[in-house]
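To start, the structure under review is shown below, and the notes come after it.
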Amino acid sequence: MIPTGLQKPDCIDPTWVSCQKDVIKDLRSDIDGQPSCAEQMIWLKPESSDSCCMSCCSNESKDLGIIFKGQISVDKPVTALQRDSPCLSCVSCSNDASKEVQFAFKGGSLCTEDIIQLQSPGSPHPSCESCKSDASKEIVIFFKRFLSSPKQTHKRESSKDFHQECTEDFRSPREDGKVLEDGPLEEIIKRFCDNVNGKLIDHLHKDAAVCQHVLKSALSKKFQCVSEGIAKTGDPTPLNQIYTDLYITESGTEEVNEEHEVRHIEAVSRKQVGEEVTIRLEHLFKESPGQIYPVRTVMTRGVAGIGKTVLTQKFTLDWAENKTNQDIQFIFPFTFRELNVLKGKKFSLVELVHHFFTQTKEIHEFKEYQIVFILDGLDECRLPLDFQNNEILTDVTESASVDVLLTNLIRGKLLPFARLWITTRPAAANQIPPGCVDMVTEVRGFADPQKEEYFKKRFRDEELAHKIIAHIKTSRTLHTMCYIPVFCWITATVLEHVFKTSQTKELPKTLTEMYIHYLVVQTKVKMVKYDGDDETDEHWSPKSRKMTESLGKLAFDQLQKGNLVFYESDLRECGIGIKEASEYSGVFTQIFKVERGLYDDKLFSFVHLSVQEFLAALHVHLTFTKRGVNLLKEKNPSKLSKLFNKPNVTSFYHSAVDESLQSPNGHLDLFLRFLLGLSLETNQKLLQGLMTQTERCSQTNQETVEYIKEKINGNLSAEKSINLFHCLNELNDGSLLQEIQQFLSSGALLTDKLSPTQWSALVFLLLSSEKTVDVFDLNRFSVSEEVLLRLLPVVKASKKVVLTFCVLSQRSLEALSSALSTKSSSLRELDLSNNNLQDSGMKLIADGLKSPNCTLKTIRTSGCSLSERSVDLLCPVLSSRLSCLRELDLSNNILQDSAVNKLSDGLRHPLCQLETLRLNLCCLSATSCEALSAVLSSESTSLKELDLNNNNLEDSGVKLLSAGLGSSYCKLETLRLSGCLVTGKGFASLASALKSNPSHLRDLDLSYNCPGDLGVKLLSANLKDPQSRLEILRTDPAGVEWLRPGLRKYCCKLTVDTNTVNRHVKLSDNNTEASYVAEAQSYPDHPDRFDKNHQMMCSDGLTGRCYWEVKLMGGVHVSVSYKGITRRGEGNDGWFGGNDQSWTLFYDGISYSIWHNKRGISIPYTTGTTSSSSCHRIAVYLDWPAGTLSFYRVSSDALIHIHTFHTTFTEPLFPGFGLWSWVSVPRDSSVRLISM
């Protein structure tokens, strides 16, 4: 590949030479480093004893250079033959003013033996006269090839090769007795470039290509094999063989997560595969859709052991093996573990690269190459990365401390065109300023399929692999932890040993049991392999106990400091010598490991953070049981303190719980689980020999359980409560969960009766379900603000949340907005339909949608009393680079045309990715179609589905819409124009648009319009056109009756079925009015008659779109029901809304409530009607195919939405009415059918 700085021009125009004057000045000031392989010079000279070269463009005397960039020392001037030289001078190419003209291929000093002269035969001196004169036009071109540095003397032979190659090319004209052809200067220069520049560039990169090859070979050798969890035991495994794809997702946020990583894992484990945008490893630096600037710096976050380092190794190995990313010329993988060792030392960036990658020492300038720097393990960095105060550095050859080099490299001051990949644990990500990071990604670890794939690769014995997989699925805790690849390895190690050696086959089910088994297995391996013991000998020799206790102290002390990697100074602080530590790493290879730096510097760590936390808990437990010291309270107690403060086991565990709860970020969560798990007698027996005494501690454990339950009953965050439930699990207590599980199974869970502890248990149970929380519907529980707030952790963990008609308060909406903004939220779909949000509520929701953490794709706000102001709030969301929104439903809101005009601005924004827009019943006219047409014809539009049903668009609006539909940019696949007052003219406009752009639209709904035969014929032709993609065309029903504006076009005449009327309901006015009466009417007996409930039904079943209006007085049910609703008895089963066969709106004379299947919710706004004599008018709109039933209040012919039921109807629906009479409601309740 040719770097940017060495690309030759395709052509040279007359001003090209002159333009280079300023360029040369800039280049001279920019070029750093040692001189490289070549410098060539060209003079154009006339035939004279004092040869001269004239100016190409002006009369001013100037130096002019054409520079093909290599690597040049700025302290060496470009060699030129001045015009006052005794032998050579220059004349202008266009006038007689003396000038210097030089074409310099930059390098170092002039080597006269490398000069090549080309001139016409018989010319005494090389010369060049004005290109515009008739004088001699003989051209002499001089080249020189030289060695610019003593370090490069070994390249002399290659220099001569190049010299000979160029000489042959340019001597041939002279040898043939010819001279270069006449022509303008620019053509002469172009011929020169064509003949020489390519060969010069190739030569300049011979060294780079060799270095790249050697580097690839070294990196391939370094990374082709890995050892799982350990550094040097067993045969290395080929990385390509064991590597299992990890999910890398674009995080979209720089927010720092300082919570304990187990909390993070639990949140991630609830996310479903495919919910987030995943990034293939080889595409890490590729721009995502809508990305304006190229990706320079990628930060990849992930918890300890998740596989970040393996990812960097795989990325590098694939490049080194020429599999991927071959546009990259050099990859330099650094680790902070190794960089820490260089603290206090000074390097230039070039020297730092050469220090770690000696294969590149022949390259002294890197800015011409495509380079990727990998900085692995930012969380292990002990260098002071001070981005505020560190000096600015732009010269790659200037020396500075390593931290200064890193801050300038990350900020883009050094090698701004180089790419960086930084890996870190989440809590350390804030060491890098957000402005320095272009993209944040996250390693999700193993999803369920990858877990199984890992174990199947790990074991050749398929039966063993299936047993292990089956066991892991029985424990939610183990299953969750297996998202970490290292934990999969630990689990595999333990379970393989248990299955092969245990007689009882008692498999570990808790984390503590798993890690105790792991420690025991590794201790046994150490004793057999290194101590020469027999398999049947005791696990714990004095030497093994000492090692374990020393490592436990190191683990606890460093855990408190937050260190995962330890150096010699850290070991000394814990009383461990470097020799002793090396011995530990040599025999406890799968517990404690050592890595060697570049110059044999030793770096120590535990194989995983969880192993360190387990050993830390073990150390605290052993210290308490053996010495009576609570390390969580006091590190070095005095003898007097130990004498008067006798250890209390119960208070020891209570204090551990308290310490954990006081941690703001949960850093002691896993430590507490291990510590409490070690209190079980069964676990202590597993460690018999290490624990010299075991206690019968059932009473203590029960007291600890009760103490934890008390804490759960308090006002704790959901995360802290969840960890306490995990602690109960470690203590083998599941009483709370069993209690809630029984309630759930029996269907007797009344959430308004739950205690705080039971609430926490319910949340934990829902979150710990084997099945990922897919849909959370608040209507399954008691619909209230308290219930929603209690279950907010479940809302965050759910993929889809249904809060339709939940009477959401401001506090509820604030909590919901917060949930949308939470990084751990899994929310992808939110249905807020039929809530009286109004614009104030939408503002809160919009604030959540604007958060960079929000990953919501679908939001439904149908029937939420929104106006144009809400659209103003949504437009910034649509045009945000971070927005994930793909579907927006604004149906059943009085938006009008002005709102759509504003909405179109957001839809046409280049960053808008919305694909589905629903504007059904939004009081739109033809005016709005112009704005929507502009959206469809926008080059950046992503819109694929547009629902405009039941708006009065008419033919004029459809004509405007068709203009956008016919645009080549239009991507619309579904268009709904049902009930939009469209005639044959509108159909013709659509047919013309589809002819212009037949390649996208698949589904077109034009039902409930009046097209005429010709209109249908024109559009139907598209179904047969092979170029058209139209598959579905709906035109029925059709007719002139559908040209009535609004919903009243669907009006239907209702007839009361007199055989259903209750005897206390009196009919009048041709059976169009019904009233409650105390006196029973003499209706004949009939099986369809409501015998107790004061109700009646209409005779016609409805299955299409239907609309009717009624006037109400008193307490009235306005309902629809299936025909099979019970007619006998006066229980709730027979009342409209008291069963699963009917849906009803109840009006009590002042306010509304809606009912279905015995569940009712009051609507918190009144009608304004207080007089018992006043009539109230209600409209009902049924769209049976769509599964919607809507109720409206009619006010001056305007329809004000009350509520819409969304369901799937399976039978024809029969309108019905119920009349109530009780003390608070007037006895003269009545209903009247309004003729339309």
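1149 is the number that the UniProt record's numbering gives to position 1149 of the sequence shown; each next residue is one higher, with no gaps.
We put the CB at the ideal spot given by N, CA and C, even for glycine.
Neighbourhood of residue i by C-beta distance below 7 Å, restricted to the same chain and skipping five residues each side
| i | result |
| --- | --- |
| C1010 | T983, A1038, G1039, V1040, W1042, L1043 |
| L1014 | G984 |
| L342 | V402 |
Nearest-angstrom Cα separation, counted from residue j out to residue i
| i | j | result |
| --- | --- | --- |
| V900 | P384 | 53 Å |
| A320 | L219 | 6 Å |
| H1206 | G1187 | 6 Å |
| L754 | I740 | 10 Å |
| L803 | P416 | 49 Å |
| W1220 | H1064 | 10 Å |
| L936 | F455 | 50 Å |
| A492 | G307 | 17 Å |
| V295 | D318 | 20 Å |
| R828 | E887 | 10 Å |
| H283 | N322 | 15 Å |
| P426 | Q688 | 38 Å |
| T309 | D379 | 12 Å |
| M691 | K413 | 57 Å |
| I468 | S348 | 52 Å |
According to DSSP, residues forming a beta bridge with residue i
| i | result |
| --- | --- |
| C225 | P238 |
| E1109 | A1179 |
| I1032 | D1003 |
| Y1192 | A1179, H1201 |
| K800 | V775, E829 |
| T363 | As written in the sequence, residue 363 is Ile, which differs from the Thr given in the question. Looking at the DSSP assignment, I363 forms no beta bridge with any residue, so it has no partner. |
| R918 | D889, D947 |
| W421 | V298, I374 |
| P333 | I374 |
Close beta carbons around residue i, own chain, < 6 Å, minus the five adjacent residues each side
| i | result |
| --- | --- |
| L789 | A815 |
| D1003 | T974, I1032 |
| K361 | H354 |
| L618 | G552 |
| L676 | C727, E730, L731 |
| P508 | M514, H517 |
| D386 | none |
| A963 | S933 |
Segment limits, alpha helix (DSSP H) that includes residue i
| i | result |
| --- | --- |
| H619 | 609 to 627 |
| Y454 | 448 to 458 |
| A465 | 462 to 474 |
| F781 | Element bounds for F781: n/a, residue is neither H nor E. |
| I894 | Element bounds for I894: n/a, residue is neither H nor E. |
| M1096 | It is not in any alpha helix (DSSP H) - M1096 instead sits in the beta strand (DSSP E) that spans 1095 to 1097. |
| R869 | 868 to 878 |
| E730 | 718 to 730 |
Enclosing beta strand (DSSP E) for residue i [first to last residue]
| i | result |
| --- | --- |
| K602 | 602 to 606 |
| R425 | Segment: none, R425 is in no beta strand (DSSP E) and carries neither H nor E. |
| V1116 | 1116 to 1121 |
| K553 | Segment 542 to 561 is the alpha helix (DSSP H) holding K553; no beta strand (DSSP E) there. |
| M439 | 439 to 443 |
Candidates the options: closest to residue i by CA position
| i | options | result |
| --- | --- | --- |
| I1161 | V807, T927, V1180, M842 | V807 |
| R1159 | S1142, I1150, G1149 | S1142 |
| C482 | A400, L632, V303, E573 | V303 |
| V657 | I708, F674, L919 | I708 |
| D327 | A418, C381, L1233, Q896 | A418 |
Residue i at chain D interface by Cβ criterion, 8 Å
| i | result |
| --- | --- |
| L994 | No chain D appears in the structure shown, which is made up of a single protein chain. |
Neighbourhood of residue i by C-beta, 8 Å cutoff - its chain only, sequence neighbours within 5 removed
| i | result |
| --- | --- |
| R1128 | D1091, K1092, G1134 |
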